[in-house]
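Peer 1: My structure is below; once you've seen it, I'll send some questions.
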Ligand code: DI6
Ligand code: FE
C-alpha cells in the first residue's frame, strides 16, 4: 500500500526537520507489516508508485500510538468509591475499610480468565479508538500465584481478539493482600517471586513492575524481586514517587529500569539518576487528575536533564479510569505544561522505549507499519482538543481497520 499526500509526523530527529520530524505532502510505502519508504512525494522512488494508493488528502499521519502503562484487565469498578471520596472520605480511609485496590482484587479473583478478557475488550476498544496500536497491560489485582497468572493469560489473549500488540507486565508487587498485612517481604518471597517464575515459565511476561510506596512496598522489599527479574533476564519498571519520595526512581535506575512511572514526588537526585541510566519517565496525568493531586511531576527538571518522557493512561478502576491516549496527552500539556510535541513523543517514540521496543514509535523504513491518519493537519491538534476522537483511519501491521 502507498499512502500519498500525507502531512507526516515521523517523530524522528532529522536534519532540517522540526521536533515532530514533520514532512508536508509526504508518501509512505508499506510492504507487508513494515514501512518500506517514507519521505516527500517529490522524492518517491518509481519502485513504489505501482502500489495500491491511499490518498490521505493532506491529513496528519503519525506512528500508531503506544499506551505504555495500563491496568486494563480487572473486574468490577470503583464508582461508589469515587462518590465516597467526593462526599469527603479519603483514599486511605476507603482502603482501610477494605476498598481501594483490594476491592478490585476481590472482584478479579472471583472472575474467570474468559470473564476478565470479555471485560477488558471494551476498554481496549476505547484505547484503539484513540489511536493505540500497542498497549501494555499489567497484572496486580490477583495477588496470588494462580490469580496473577490468570490475569496475564487474559491480557495476552487480547491480542488474539483485537488488532493490537499487547505487552504484558508482571505486577504482583502492587499491594499487600490482607493475609500478609504487615509482612510485605514475606509476600514478595512467598507469592510475588513464585508467581513471576510461574508466569515466565508460561512465556507470559515482558517486564516486571512494582508499586514502591509507604502503603505498598519499600525498595528493600523489592530488592529480591528485582534480583529474580534479572536472573530471568527480564527488564524492570517501577511505580515510583507517586504519593511520597521513597527514592524508588534511583533504586530502579540502579537496576537499569526501562521506565519509572508517576513521579510527582521525584527529587533532583532522582532526576539525575534517571538521566544517567537512560530510564524513561512515564507521566500519568489521569491519576494526578483523579486523585486531585496538587504536586506536579518535575517536568522542567526532567526536560533540562534530557530524560525521555512518555505519557500513558494508567487505565485502572481506582486512580485513573481513563481510556483515551489523546486525552492523556491533553492533560499532560494542560496540567503539567508538557508541550504537544513532548506529548506526542510520549505516546510514540518514548513510549516504545519505555517498553523496550525498537521496531515502532517512529515512521522510518524497516519499522512496523503501525500508523494513524487523523482528521487534523497539525500534530499539536492531537493534544489541543479535549477528549476528541479525531482518528480517521488506523493501520495496524500494514492493514487499515475496516
Ligand atoms: N498506582 C496507581 O495509581 C494505580 N496503581 C498504582 O500502583 C492504582 C490502582 C488502583 O487504585 O486500582
Ligand atoms: Fe499504574
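Numbering (this note's numbering), first residue to last: 107 to 508.
We treat Cβ as the ideally placed atom computed from N, Cα and C, and that holds for glycine.
(1) For the stretch 411-424 against the stretch 387-396, are there 3 or more C-beta pairs whose distance is under 8 Å?
(2) Less than 7 Å between the C-beta atoms of residue 167 and residue 479, yes or no?
(3) Quick check: is any heavy atom of the ligand SAM less than 6 Å from the C-beta of residue 345?
(4) Are the C-beta atoms of residue 231 and some chain C residue less than 7 Å apart?
(5) CB of residue 139 to nearest heavy atom of the ligand FE: below 6 Å?
(6) Would you mind listing the alpha helix (DSSP H) stretches within the stretch 264-315 that are 4+ residues and don't spill past its ends, in chain order?
(7) Is it a yes or a no for the stretch 127-140 touching the stretch 181-201, going by three-plus beta-carbon pairs under 8 Å?
(8) What are the start and end residues of the alpha helix (DSSP H) that includes residue 487?
(9) Please return the same chain residues whose Cβ sits closer than 6 Å to the Cβ of residue 269, not counting the five positions on each side in sequence.
(10) Does DSSP put residue 147 in a helix, a strand or coil?
(11) Is the beta carbon of residue 342 sitting closer than 7 Å to the one on residue 314?
(12) Which of helix, strand or coil does DSSP assign to residue 476?
(13) Taking the alpha-carbon positions, what's the residue 182 to residue 404 distance?
(14) Nearest to residue 255 by CA position, among 228, 218, 172, is which residue?
(15) Indicate whether the contact test is met: 3 or more Cβ pairs, each with one atom in the stretch 424-441 and one in the stretch 150-158, closer than 8 Å.
(16) Three-state secondary structure (DSSP) at residue 178?
(17) Exposed or buried, residue 117, counting other C-beta atoms within 10 Å across all chains shown (16 or more means buried)?
(18) What residue does the beta strand (DSSP E) around residue 456 start on, and which one ends it?
(19) In chain order, what are the residue ranges of uninterrupted beta strand (DSSP E) at least 3 long that sit wholly in the stretch 332-407?
(20) Does the distance from the C-beta atom of residue 233 to that of residue 496 stay below 7 Å?
(21) Tell whether a beta-carbon distance below 7 Å holds between residue 485 and residue 115.
(22) For residue 141, which beta-bridge partners are listed by DSSP?
(23) Does DSSP classify residue 193 as helix, strand or coil?
(24) Mind checking who residue 158 pairs with in its DSSP beta bridge?
(25) Would you mind reading off the limits of the alpha helix (DSSP H) that contains residue 212?
(26) May I ask you to report which of helix, strand or coil DSSP gives residue 321?
(27) State yes or no: is the C-beta of residue 171 within less than 7 Å of the C-beta of residue 473?
(28) Say the cut is 6 Å; is the CB of residue 231 nearer than that to a heavy atom of the ligand FE?
Peer 2: Once the coordinates are examined:
(1) yes
(2) yes
(3) Questions concerning the ligand SAM fall outside what the structure shown contains, since the ligands it does hold are the ligand DI6 and the ligand FE.
(4) Of the chains in the structure shown, none is chain C; there is only one protein chain.
(5) no
(6) 290-293, 299-307
(7) no
(8) 486-490
(9) 502
(10) helix
(11) yes
(12) coil
(13) 34 Å
(14) 218
(15) no
(16) coil
(17) buried
(18) Segment 455-460 is the alpha helix (DSSP H) holding residue 456; no beta strand (DSSP E) there.
(19) 343-346, 365-368, 386-389
(20) no
(21) yes
(22) 136
(23) coil
(24) Answer is none; residue 158 lacks a bridge partner.
(25) 207-215
(26) coil
(27) no
(28) no
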